[in-house]
Structure formats: C-alpha cells, structure tokens
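2 protein chains.
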Amino acid sequence: MFVVSTRVKSRFQVETYIVHFADRLIAGIWKCGNPVCAGIDPRPQSLPQGFLEGFTPDPVGVATAIRVFGKGVVDVVAKLIPVVKFQAAFYEALGPEGSKALQETARHARKQGMIVIFDGKRNDIGSTAEAYANAYLSVDEQRADDEASSAWEVDAITINTYLGSDGVNPFLEAAGHSEKGVFALVRTSNPSAVEFQDIVADGKPLYRHVADRVVDWAERYRDSSGYSLLGAVVGATYPEQLAELRSTMPGIFFLVPGYGAQGGSAADVAPAFNDQGLGAIVNNSRGLVFAYNRPELREKYHGDWQRAIEHAAHEMIADLAEHTHARRLRSPGD
Amino acid sequence: MFVVSTRVKSRFQVETYIVHFADRLIAGIWKCGNPVCAGIDPRPQSLPQGFLEGFTPDPVGVATAIRVFGKGVVDVVAKLIPVVKFQAAFYEALGPEGSKALQETARHARKQGMIVIFDGKRNDIGSTAEAYANAYLSVDEQRADDEASSAWEVDAITINTYLGSDGVNPFLEAAGHSEKGVFALVRTSNPSAVEFQDIVADGKPLYRHVADRVVDWAERYRDSSGYSLLGAVVGATYPEQLAELRSTMPGIFFLVPGYGAQGGSAADVAPAFNDQGLGAIVNNSRGLVFAYNRPELREKYHGDWQRAIEHAAHEMIADLAEHTHARRLRSPGD
C-alpha cells in the first residue's frame, strides 16, 4: 500500500513512493520519455500465426493463450512505454476464464512497473457504481499478494457518464482514497460518436456539456502540479474537437484512442499535448500489439512477433516525437 | 440451440420452441401471470444474518457464498416470476471468482426456466462492442453443456448508447442471430439522471433523442406481434417521463428499475404497461432479494430468508396487479 505522500519534484527527481495518480502517470511518462499506451485487445484471430496451436481449443485454452500472449506483449513494451490498457470486452468474451486471464496479465504489467488501465467503460447508479469502483479502484488489504490491491489490480478505469454525477462520484471517491485514476468518456473515436455527442444544446454540443462537468468533478481531485486523477477519453479521429477540448480542459489528462488502425495520425493527436509534452497518453491497440501481422515486419523479424511489436513501439514513439510536443519528454541525452 | 421458429399463438397457447426474445419474454410473463424481475445485487453486507459464516472470508469464499445465495433466491422466485437480472458490478467486485459465481448462478436460473438479464450497461466502439456482444449474446456451439450458449449464458444484456449506432448494432446483430435481447439505457432511475439526460436540444431532452434512435434501431428486429428484441431501460422514479416514453415507443419492452427501495411505487410504473398488461417488466432488487432484512418478515418467518423473499415476491405481484394493467396477465382461474 502507498503510504508516503511524496511528490514528483522535477522531471529528473522522481521519488520512490508517489501517491497521486497524475503524479504516477507523469513520472511514468518522464521515465520512458514518451506518452504511449499499448492497448491490449486480445482478439484470438489476430494472435501470431500458429500461437493458438499450443493450447486446447476451448475457453480455458484460449484464455491461457491470451494470458501468455498478453504477458509476452508486456515483457516487450514495459521497457519502452509507461502505460498499458486492457480492453475488458475481449477477456469477457471468454467467460470467467478470460476475466482471470485479464487479472493475471494486469498483475504482471504492474509488477513490471507499468500503469494499468482497465478499459471497461463502466457505468451505473450510485450504490452500484460504488461496487464497480470497489472492484477496480479500491485497495483491498485482505489480499495476500506482495502488494495490497483491488480485486482487479489496475491503476485506472474508463467510465461512461450518461448517468450523471451520482454515477461518477463513487469512482472519484474510491480513486481519491486509493490513489488511482478514472478516465471519463467525453469524445469517442468511432464514426457514430457524432450521433449523440454532437447534439447541440445551449450553444454547445453534448460532448462539451460532458467535458464541462468533467472539469467540475476533477477540481476536488487535483495534485500539487494541478493535474486531476480524473482524466478524459478524447478520440484522435476528431482533431478539431481534440484541440477545442484541450483548451477548455486544463489539468485533465487525455487518454487518446484512435491513433493508427482507426485513422488518427501523430499530427492529429498533437493538439492533445501542452508545451511540455504533457497532458495526454496516446493509445495504440492493433497497430502496436498486432504489428507482427504487417507483412514487412513479419519478413524482417522472421516471425518473431515480440521483435515486431518492439519495432512498432519504437516507430510510434519516434512518430509522436517528430510531430508533437511529446519530443520534449526526452532528456537531452536520450 | 433453438431451431424451431414457432410463435406464441395466444396467451393460453405457448409452444415449446419459441425463438424471438420478445416472444420468450411474453411467454414467460403470461406463464407466471406477472411482469416481475428480481434484481440480484449480491451485496455481501446484506446477505442473511450469519450466512457468510459458513464460508472462508476471502474472495473465493465470498464468491461461493453469493453463488449459493443467488441460487437460493432463484429457487424461490423461479416458480413465481419470469425474469431475473444480475447486476454485474457486485460480482465483478469479487474478481474473477465473482465472475464465475455470476456465470454459474445465471446458468442455474436458465435451467429453472427463467429469462436472465445481464445488467452490465456495456458500451464500446464497433469491433469491441462486437466482442461484448459475442460474450453475452452469441450462441457458442463449442460449449458442451446441455444447451449451447454464449460464454455467459444469459438471455439479454443492458447497454449504454453514448457511442451511437456503431456501438449498438453489434449487440442487435448478435441478439438477432441468437434470439436474445438487448435493453438500452434511455432514462435511468437515479437522482442525477437529469444532468445529461434532460439537456434539451431541438425541443426535446437528450433521453428523447436516445428514445427516438432506439425506436429506429428496434424496427429491424421486431417479432410477429410487433415487439422488438431491443428494449429500453426507463426508471420508475420519473413517472411522467415513463408515460411520455410509453406513448412514443410502441413495441419496445421497458425494463423498469426503481420500484421499491429507490422510491418508485406500483402507481408510478402503471404507465409502462399497455391495455393488455404487456410492454414492461418491473425490477425489484433490494426490496425483494433482501426482504428478510425487514424486521416484520424476519420475525414472521423466524429467520427463514427464502420464505421472506417468497412473501415479498407475492406482495409485489399483488401490488402491481392492484395498481396496474398487469392484473390482466392473470388467467380467470388464477
């Protein structure tokens, strides 16, 4: 359990016991010199060629396969990038065995020092939201692991705010208590995001109404550097909205999906960063984690899927450094 | 697997193989003569006095306890009411062991002939929504159980539509294929539902925008009686909106939370029903499943928690029959 309330002093002075989620996130970003998040969406059909053959073709076997695969991804990226995001849907699709695979892979990622986001977009009314918050954000001191943790051992969760503040506050309270984080959906990256999120009321679209409430909710949960443990999901595929939201949501970390396979470029995500290269983490799922399916990488690395992922991670880090202020996260000697 | 495409002929002629979700739901309602849904939200602290003492105080023990409890609830209510709704949050709060308890309890409820709703309010973009849909709504023929089913063996799921149609269609397609159901959040029952759901644009509140899209989406998935496999969650705590939505959403089954502990009365839910007493199922969680915590029932049944739940179920059935058209679901001889 985190007990010491020390803060990050500067980009080159990071204390061992950092408690506020935003501080931990910033420390991770500085340490790696980039704001990349690897999105692990383990679609069985996208696993490396022949990978599934080593496992039984039932849910237990497939769940074991995605656990082994996920740990293999973590082993590659933990040295390079600060954050990993697990997409709950692909684990749940395998039933309870899949849930167990998610838990074990998340634990492995935390042990490797990564910040782990559970991408479950959870939402419910007050007392039920509290149960979700306890599931993912509480610190469970009953657990006998090396480090006390919640049932799911993650650092942050994504939530959907359609139910309003009594569905959001339980997540914030739990996160405030356990020094974890929350990312609220504001502007999603999918084509039909516009259907409801762009409905205009009182002169502004719905996503701006949500954004403004996120800023209000975030206020009580800021660290000494001004960042809140409440962040926002803002898609890379709508760069204008990303720029608009960056200016209206100071001190709110953005989790930016949509880079890569969904069509967002490094130039598209550039507005998410402030002058110091902070303020956002950029997620890449398929383009990073399934990089070995790119013919040129398969050939180059002779089917070594982990080296292909490593290649793609370096490529993305360089791409962001070239086109965004994320280049300023690197120390002069890098 | 359901292969015969027979339909419900009348309220007294229900065929064995009913395929469309709405037909199955209506058949269940007619068979029981009431539209009650028991909401199983297994809060460990609300279990019967002494119940947890028979189990180890770790997540495995607590998960076993809520599985035994949930099956005990099902054994009582399966004879009386048609639908049971499992609140995912309380199971997930126990980690993968909890997920397994949910799966086993849901399977038990289906074996007892109940229609099972997974209340997870899931939502995500296209390909990820598809993974959720496959998790909860697909028919998995690989599974070696008596009856092929999805990974989670449920009949319907609740979803949140903030991401628009490409986040909703995968659920509808999977449900259409497997003859299962979907309930989309339209108007939730919590106090802060108003914060976003009542934002007015183009002369109507957001929940009406969502309702209108639900009607559009539902169109392609109607059965011969006109009901769609896509239903809507509309809270009992906002009776005016319930009446308004009933009139604008014909052929859409409502899942109505908020009766009982949250303050909704039978009179409040009356507008959810049509003249035949169809069109809605009314959920009761705490008031039904934890009825043994009511002092007068604890005394009356000498701590027999199952008899207390049975009492509360009869009470709710009678309450709805007295104040709503649900009384018309009873055959003359009842």
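If you read the protein sequences in the order shown, they are chains F and X.
Residue 330 is where the first sequence ends in this note's numbering, and the numbering goes up by one at each step.
Residue 330 is where the second sequence ends in this note's numbering, and the numbering goes up by one at each step.
For glycine and all other residues, C-beta sits at the position ideal for the given N, C-alpha and C.
CA-CA distance, residue i and residue j?
i	j	result
Ala131(F)	Ala147(F)	5 Å
Gly275(X)	Thr101(X)	27 Å
Ala127(X)	Ser261(X)	37 Å
Val265(X)	Val211(X)	20 Å
Asn279(X)	Glu236(X)	18 Å
Arg324(F)	Leu226(X)	50 Å
Glu169(X)	Tyr223(X)	16 Å
Ala171(F)	Tyr217(X)	41 Å
Ser1(F)	Ala152(F)	Below a pLDDT of 50, predicted positions are generally treated as unreliable, and Ser1(F), at 41, falls in that range; the measurement from the model is reported next regardless. Cα-Cα distance, rounded: 19 Å.
Pro31(X)	Met312(X)	10 Å
Asp115(X)	Tyr87(X)	11 Å
Val178(X)	Thr154(X)	6 Å
Lys200(F)	Val164(F)	22 Å
Gln193(F)	Leu241(X)	21 Å
Glu295(X)	Arg63(F)	50 Å
Arg326(X)	His104(F)	56 Å
Tyr297(X)	His319(X)	27 Å
Gly247(X)	Phe82(F)	38 Å
Pro291(F)	Pro40(F)	19 Å
Ala89(X)	Ser243(X)	38 Å
Ala317(X)	Leu21(X)	18 Å
Ser221(X)	Leu293(X)	41 Å
His310(X)	Gly50(X)	29 Å
Arg106(X)	Asn289(X)	27 Å
Pro53(X)	Ala129(F)	20 Å
Lys75(X)	Gly259(X)	26 Å
Trp301(X)	Tyr203(X)	39 Å
Arg139(F)	Trp26(X)	Interpretation of Arg139(F) is limited by its pLDDT of 47, a score under 50 that renders its predicted location unreliable; the figure taken from the coordinates is listed afterwards. C-alpha separation (whole angstroms): 47 Å.
Lys117(F)	Glu306(X)	36 Å
Met(-3)(F)	Arg209(X)	The predicted model places Met(-3)(F) with a pLDDT of 29, which falls under 50 and marks its position as unreliable, so this point remains unresolved.
Gly256(X)	Ala84(F)	32 Å
Gln108(F)	Pro38(F)	19 Å
Lys67(F)	Lys67(X)	36 Å
Ala263(X)	Ala207(X)	23 Å
Ile173(X)	Glu191(F)	Reading the sequence as shown, one finds His at residue 173(X) and not Ile. Computed Cα separation, rounded: 25 Å.
CB residue i to CB residue j, shorter than 7 Å?
i	j	result
Leu48(X)	Ala59(X)	no
Ala197(F)	Ile77(X)	no
Val252(X)	Ala232(X)	yes
Gly160(F)	Ala304(X)	no
Leu98(X)	Phe65(X)	no
Val69(F)	Ile113(F)	no
Ala268(F)	Phe249(F)	no
His321(F)	Gly273(F)	yes
Leu181(X)	Val229(X)	yes
Pro92(X)	Ser95(F)	yes
Arg183(F)	Tyr234(F)	yes
Pro166(F)	Ala125(F)	yes
Glu175(X)	Val73(X)	no
Val150(X)	Met110(X)	no
Ile277(X)	Cys28(X)	no
Asn156(F)	Asn270(X)	no
What whole-angstrom Cβ distance do residue i and residue j have, given they're in contact under 8 Å?
i	j	result
Tyr158(X)	Asn119(X)	6 Å
Ala308(X)	Ala287(X)	3 Å
Ala23(F)	Asp219(F)	In fact, because the Cβ distance is near 11 Å, the residues do not count as touching under 8 Å.
Gln45(F)	Gly299(F)	7 Å
Ala162(X)	Gly122(X)	The sequence given here has Asp at residue 162(X), not Ala. Going by Cβ atoms, the distance from Asp162(X) to Gly122(X) rounds to 5 Å, so yes, they are a contact pair.
Which parts of the region 198 to 263 of chain X are runs of the beta strand (DSSP E), unbroken and 3 residues or longer, counting only runs that do not cross its ends?
Under the rule that a run must span 3 or more residues, the beta strand (DSSP E) segments found entirely inside the region 198 to 263 of chain X read 226 to 230 and 250 to 252.
Residues of the region 79 to 97 of chain F whose Cβ lies closer than 7 Å to any Cβ of chain X, in chain order:
So the close ones are Gln83, Ala85, Phe86, Glu88, Ala89, Leu90, Gly91, Pro92, Ser95 and Lys96.
Check distances from the C-beta atoms of the region 95 to 120 of chain F to those of chain X and list, in chain order, the residues that come in under 7 Å.
Ser95, Lys96, Gln99, Lys117, Asn119 and Asp120
Uninterrupted alpha helix (DSSP H) stretches inside the region 278 to 320 of chain F (no shorter than 4 residues):
282 to 285, 291 to 296 and 301 to 319
Check distances from the C-beta atoms of the region 16 to 43 of chain F to those of chain X and list, in chain order, the residues that come in under 9 Å.
Asp37 and Arg39
Where are the alpha helix (DSSP H) runs, 4 residues long or more, that stay fully inside the region 17 to 94 of chain X, in chain order?
17 to 28, 55 to 73 and 84 to 88
Contacting positions in the region 190 to 203 of chain F - beta carbon closer than 8 Å to chain X
Val190, Glu191, Phe192, Gln193, Ile195, Val196, Ala197, Asp198 and Leu202
Chain F contacts made by the region 124 to 137 of chain X, where a contact means CB separation under 7 Å
From the region 124 to 137 of chain X, only Thr124, Ala127, Tyr128, Asn130 and Ala131 have a Cβ closer than 7 Å to chain F.
Under 9 Å (Cβ pairs) to chain F, residues found in the region 174 to 190 of chain X:
Leu181, Thr184, Ser185, Asn186, Pro187, Ser188, Ala189 and Val190
For the region 278 to 301 of chain F, which residues have a CB atom closer than 8 Å to at least one CB atom of chain X, in sequence order?
Identification of residues in the region 278 to 301 of chain F having a C-beta nearer than 8 Å to some C-beta of chain X yields an empty set.
Which runs of the beta strand (DSSP E) spanning at least 3 residues fall entirely within the region 158 to 202 of chain X, listed in chain order?
Within the region 158 to 202 of chain X, the beta strand (DSSP E) runs of at least 3 residues that lie entirely inside it are, in chain order, 177 to 183.
Which residues, in chain order, does the region 225 to 242 of chain F contribute to contact with chain X at a C-beta distance below 7 Å?
none
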